[in-house]
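Q:
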Amino acid sequence: MHRVAPATDTPVRQESLRAHNLSLTFRQIVGAPAPISRIELAVATGLTRPTITRIVDELLAGGLIVEAGPARSGNSGRPRVGLSLAPTGPAGLGLDIRVDALSACVVDLTGTVRHLAFAPRPPAAADTLARLADMGRAAMAAAAAEKLTVVGTTLAAPGPVENAGVVRFAPVLGWRDVDAAAALRHALGEVMVDNDAGLAALGELYASAPALRNFVCVSGEFDIGAGIVLEGALLRGARGWSGSLGHVAVTADGPVCACGATGCLQHYAGLQQILAPAAPAAAPAPAVAIDILASSGDRDTLAALDRAGTALGVALSALINIIDVDTVLLGGSYSLLASWLTEGVERELNRRVLTASWAPVSVRPAPLGPDAAVIGAALSAIDRVRQDPNSWLARA
Ligand SMILES: [Zn+2]
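Mapping of the sequence shown onto our numbering: position 158 corresponds to residue 158, and the numbering continues sequentially without gaps.
1. Between the beta-carbon of residue 153 and the beta-carbon of residue 191, is there less than 8 angstroms?
2. Using a Cβ-Cβ cutoff of less than 6 angstroms, which residues in the same chain neighbour residue 2 once the five nearest sequence positions on both sides are dropped?
3. With respect to 7 angstroms, is the separation between the Cβ of residue 266 and the closest non-hydrogen atom of ligand 1 below this value?
4. Tell me, please, whether the CB atom of residue 181 is closer than 8 angstroms to any CB atom in chain D?
5. Pairing CB atoms from the segment 371-384 with CB atoms from the segment 197-216, are three or more of them under 8 angstroms?
6. So, using beta-carbon positions, are residue 188 and residue 97 closer together than 8 angstroms?
7. Alpha carbon to alpha carbon, how far is residue 169 from residue 177? Give it in angstroms, no decimals.
8. Can you name the residues that DSSP bridges to residue 195?
9. From the DSSP output, in three-state form, read off residue 314 for me.
10. According to DSSP, is residue 94 part of a helix, a strand, or is it coil?
11. Do residue 232 and residue 243 have their beta-carbon atoms positioned less than 8 angstroms apart in this structure?
12. Are there 16 or more other CB atoms within 10 angstroms of the CB of residue 146, so buried, or fewer, so exposed?
13. What would DSSP say about residue 127, mapped onto helix, strand or coil?
14. Might you give, ordered along the chain, the residues of its own chain that have their beta carbon closer than 6 angstroms to the beta carbon of residue 319, omitting 5 neighbours on each side?
15. Rank 55, 151, 342 and 28 by C-alpha distance to the C-alpha of residue 44 and give the top, closest one.
16. Can you tell me the Cα-Cα spacing of residue 288 and residue 336, whole angstroms?
17. With residue 117 and residue 138 assumed to form a contact (beta carbons below 8 angstroms), what rounded beta-carbon distance in angstroms separates them?
18. Which two residues bound the contiguous beta strand (DSSP E) that contains residue 170?
19. By Cβ distance, which residues of its chain are closer than 8 angstroms to residue 364, with the 5 residues on each side in sequence left out?
20. Mapping DSSP to helix, strand and coil, what is residue 397?
21. State the CB to CB distance for the pair residue 148 and residue 194, rounded to an integer number of angstroms; the pair is presumed to be in contact (CB under 8 angstroms).
22. Give me, in chain order, the residues of the same chain whose beta-carbon lies closer than 7 angstroms to that of residue 310; leave out the 5 immediate sequence neighbours on both sides.
23. Ligand 1 and residue 308: does any heavy atom of the ligand fall closer than 7 angstroms to the residue's C-beta?
24. CB-CB under 7 angstroms to residue 282, same chain, minus the five flanking residues each way: which ones, in chain order?
25. Closer than 6 angstroms by C-beta to residue 17: which residues in its own chain qualify, once you throw out the five before and the five after it? Chain order, please.
26. Consult DSSP for residue 23 and reduce its assignment to one of helix, strand or coil.
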């Protein structure tokens, strides 16, 4: 009666099968571009009509879906009721540590941003987690006022993250092996921590779906990071550390980097490094400062931007020759500087990517820009319910 194949070759108990079929059906509603009827769900899942009816009742009672009202079906003319995701119920909370600010974001089950707030980044790095906890609590309260319940939190952090909670190395925050998840758990419950560049790519993927499926989103935040998306999925790597583009060498014998290597991209295209010739002191909002200087015609800044665009293009060409994506998104703070960087990046890609003469790589500013990481973090938190709604139904 069911065309459902269990994921393992062990016997499936009745309760597991129910949960499996419920997840399967729910993911069809999640993936549907428009409200979907019970009949369409039965066809798409291969489940029987009575089974679909029971599952839909359960999802409706749990507040995960809503009936979208009668719509005329094509042939019979009989009214059918479309089903879509509920705008209330479970929500995901994202937090992000940016160069110029801290941010918090709540998205609902439909992926809609319902709350987005910013606060200054405390001068003392040690205060950062306490401020984030306050912002998270405020975001949860704002969500509750809209009948949303935060079911999970993801923090976007600079630098490589281990075991979904420990930031291994973030020199600009003075962090080494900081268990950020543990520090936030008391205030916010379960917290996952992930790299900001990868989460930014997830945010951009969601915003551009389904048109964009293979791209690199390069973000110039504290460290230059690249979120690599292949066939609609983030390439995480064996330990989740992929995308440290800032420490790819663009010259073998360049200046010594903070990481200990020489000639890293970071030295040529990091925001503070672009700004340094014109404004040697670190600026709180470097991308804005760079844009103002460049717009005023400051020659040092324009030369630094040209150098940055070239270096980015060199590093990205090496990456693209290996992984074959068709699009580069200038993300994060780079999205604000795209008009200054794009030409240099394109020039180097056209020179160095083997296939560029007949299939040029598209280079453009990322639509979500600096907000992508916090939105991607919130989406990754709600995605756990979108993939498996059973835990929400159990608690509801
Ligand atoms: Zn380096």
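For every residue, glycine included, the Cβ atom is placed at its ideal position computed from N, Cα and C.
A: Straight from the coordinates:
1. yes
2. With a pLDDT of only 45 at residue 2, under 50, the local geometry of the prediction cannot be trusted, and no value is derived from it.
3. yes
4. Note that chain D does not occur in the displayed structure, where there is just one protein chain.
5. yes
6. no
7. 6 angstroms
8. Answer is 157.
9. helix
10. strand
11. no
12. exposed
13. helix
14. none
15. 28
16. Cα-Cα distance, rounded: 8 angstroms.
17. 7 angstroms
18. 166-170
19. 327, 328, 329, 330, 338 and 342
20. Past the boundaries of the shown model lies residue 397; the chain is included only from 1 to 396, so the question cannot be answered.
21. 22 angstroms between Cβ atoms; not a contact.
22. 344 and 348
23. no
24. 272
25. So no residue of the chain qualifies.
26. Assigned with DSSP and collapsed to three states, residue 23 falls in helix.
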